[in-house]
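Here is the structure we will look at, set down as structure tokens.
Next up, the structure:
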């Protein structure tokens, strides 16, 4: 989604549309078209944001959620790549495990929360474990797929050059899998955020998830919207950073 | 003989794991509130089937997912067509879309709760939000990826914009739209279960939560397994549909 | 008398129930450039892959320096026809050539000079830091050739290396290949469907025919090319021996269809 012939004009149009949307929001909330119980005014939202961040509570919650997401995501990515390499290089392992993995793929990660609560009780570690476990699958599957999809010709080149198994994985398998791994990591980030939020909601862990749930229950719409904005920002920032890293590492795709 | 081996292989590891779990649950973790042997889970599943709770829960989840997906698809495809065909609309909406899209759908659960209370509408609203974005973006790129040669042909033949959209663009997009739909189905189902786990006291996710809170691990595992089976089946059906459409429309991806 | 570098001793290959190559025997001496021609489906690529060890013969044996070939080895370099697929897209030209040296365990300090040397030989020194996607087809094929040369192989196997390129590029690369071979004294087995290319480049031409069977061996003709070197795109193709060979093999290849 890049601006094309007249970048200035189109940036202006973009800004204009956004302003129009915000204006609509302002009008709807001030004009009472939608009750202020559900739709706070933009100013009220900003005020809640400012208060919450300045007082420290919202900042701490944001940090807690973000940290949970990032840590779980990092663990998931490392485990996913490692396991993925072990499974991906062995046709036998793939034959035995792939169907089971394909069954687990559509399972919502949050569905494991009740089981985890039953086993581990309500604790930050419990939420983190489900975040990591849930986020691991896209990375694992991406790694396996990337390793399995090495061009036949490249496999033959590796045979002709007499590359060891380890050298093959490091020099050919993993670089070939990198686009798939990164795509999996992007998905894993989304899963990590979702499970973090849901985990906080049902396990009463301090974070934005719990904060917005409480705000809704107390009919404090502006605080609710402030929380939603912050969650959106976490999503935006994490995705943008990953996209940046991806662009750097996959430079060869667009030389 | 080899064919038998190939048929049984996908089941080897899962059955092994289930067997290990069965053994573990019956010995080391006997009487636990958290773990139950798979055989007990199977019994619990039949129990849910008999007393109707299985269908009730499953139907609710599938129904809300379908409704949410329907809304998301109508809006997403319409929006995607607009963005794909009009460069101006596309350029001006980029900023707004990129700011709204990253909001995790689960963040809207409390809002939906506030507005709709509990029930079908609340869940459908969250699902619609979640599934809308991929439908929008994939439709847009489907339109963008229509073979430029076909568009040149439409110009040479002097087709009106309406004819162009209806006779060339839309049919050319259909295979990719079904790919998007398949993705939408997966997302809708996942979000549905997630909403039920987080808040909504209906459907499969909630049934599983209740079982866990009621210290009934067998029933909880039964629901967990059933959610997996339903998810797998729905995704497989969506894939079949998508492939059938792709074949019927000339094998486009 | 020295043992031939490569010897095919009644090598037969059956794949998927179909006989691709009937028992075929021939020898390649050190320093020779032998071309293999034939219509599509005659098994010339399969023959080449058997020479490298990528494919195991169903009957007979392939021997290199007297030792049976059972699997690929670094002594043998293989230039694939689909050069785009045989290069690592995530590595630069330098990186791709370096892969051969890394595989051979050449110490890091030496690699740079050897890569530069080989790139200079194929005329790609100026493009060392480009990615394959930034190169034309001819240049990509030269990268592959450079990587094969970096292996310092005893035997170079080339599978229709210039088939996917335009005529001008093809002629240029043919002359380059001939020069490289005779500079470095390489032994080359060169597969092509282009008869003129085979006669132009080869010391010997082997013609294969498709659908082998009893009374119809895969190896139909083996002819010497008595045209002196260095050869030239214009005059060589008017040489009487060239025309004679061309007529003899052309009529035969036309029959071979089928």
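Protein chains in written order, with this note's numbering: chain H, 11 to 265; chain L, 151 to 403; chain X, 2 to 259.
Glycine included, every Cβ here is placed at the ideal spot set by N, Cα and C.
As a beta-bridge residue in DSSP terms, residue 25 of chain X pairs with X/12. Close CB contacts of residue 384 of chain L within its chain, under the 7 Å cut and outside five residues either way in sequence, are with 335 and 339 (chain order). Within the region 41–57 of chain X, 50, 53, 54 and 55 place their CB atoms closer than 9 Å to a CB of chain H, listed in sequence order. When only Cα atoms are considered, residue 173 of chain L and residue 163 of chain L end up about 15 Å apart. CA-to-CA, the gap between residue 195 of chain X and residue 159 of chain H works out to about 33 Å.
Listed as beta-bridge partners of residue 205 of chain X by DSSP are X/35 and X/225. With respect to the 8 Å criterion, residue 206 of chain H and residue 78 of chain H are classified as neighbours on the basis of their beta carbons. For residue 141 of chain H, the enclosing alpha helix (DSSP H) covers residues 134–158.
Using a Cβ distance threshold of 8 Å, residue 274 of chain L and residue 226 of chain L do not count as a contacting pair. Contact between the region 88–104 of chain X and the region 168–181 of chain H is established, with three or more Cβ pairs separated by less than 8 Å.
When CB distances to chain H are screened at a threshold of 9 Å, the residues of the region 102–120 of chain X falling below it are 103, 104 and 105, in chain order. Not a single CB atom of chain L sits nearer than 8 Å to the CB of residue 67 of chain H. Shown here, residue 269 of chain L sits in coil according to DSSP, grouped into three states, outside any helix or strand.
Here DSSP, grouped into helix, strand and coil, assigns residue 76 of chain X to coil. What residue 181 of chain L touches in chain H, judged by beta-carbon distance under 8 Å, is nothing: the nearest beta carbon there is about 14 Å away. In the structure shown, residue 176 of chain X falls within a helical segment according to DSSP collapsed to helix, strand and coil. In this structure, residue 39 of chain X lies near residue 209 of chain X, with their beta-carbon atoms less than 8 Å apart. If you ignore the 5 residues before and after residue 264 of chain L, its C-beta comes within less than 6 Å of no other C-beta in its own chain. A direct Cα-Cα distance of roughly 12 Å separates residue 312 of chain L from residue 235 of chain L.
For the region 201–213 of chain H, the set of positions with a beta-carbon nearer than 7 Å to some beta-carbon of chain L reads 203, 204, 207, 208, 211 and 212 in chain order. Proximity to residue 186 of chain H across H/241, H/262 and H/41 peaks at H/262, based on C-alpha coordinates.
Straight through space, the alpha carbons of residue 122 of chain H and residue 130 of chain H are spaced by roughly 12 Å. In this model, residue 81 of chain X and residue 55 of chain X are separated by some 12 Å (Cα to Cα). Chain L has a Cβ within less than 8 Å of the Cβ of residue 25 of chain H.
Nearest to residue 258 of chain L by C-alpha distance, out of H/104, H/251, H/238 and H/92, is H/238. In the three-state scheme derived from DSSP, where H, G and I count as helix and E and B as strand, residue 156 of chain X is classed as strand. For residue 123 of chain H, the neighbours in chain L by C-beta distance under 8 Å run, in chain order, 347. One finds 261, 264 and 265 in chain L with Cβ atoms closer than 8 Å to the Cβ of residue 48 of chain H, taken in chain order. The Cβ atoms of residue 369 of chain L and residue 180 of chain L do not sit closer than 8 Å to each other.
When the five nearest sequence neighbours on each side are left out, the beta carbons in the same chain lying within less than 6 Å of the beta carbon of residue 79 of chain X are those of 53 and 158, in order along the chain. Chain order gives the chain X residues near residue 167 of chain H as 87, where near means a beta carbon separation below 7 Å.
Taking a Cβ-Cβ threshold of 9 Å, the residues of chain X close to residue 172 of chain H are 72, 73, 74, 75, 104 and 105, in chain order. For residue 136 of chain H, the closest Cβ of chain L is not nearer than 8 Å. Of the other Cβ atoms in all chains shown, 16 or more fall within 10 Å of the Cβ of residue 212 of chain H; this residue is therefore buried. For residue 65 of chain X, there is no enclosing alpha helix (DSSP H); the residue is found in the beta strand (DSSP E) stretching over 60–65. In the three-state DSSP reduction, residue 208 of chain H falls in the helix class (H, G or I).
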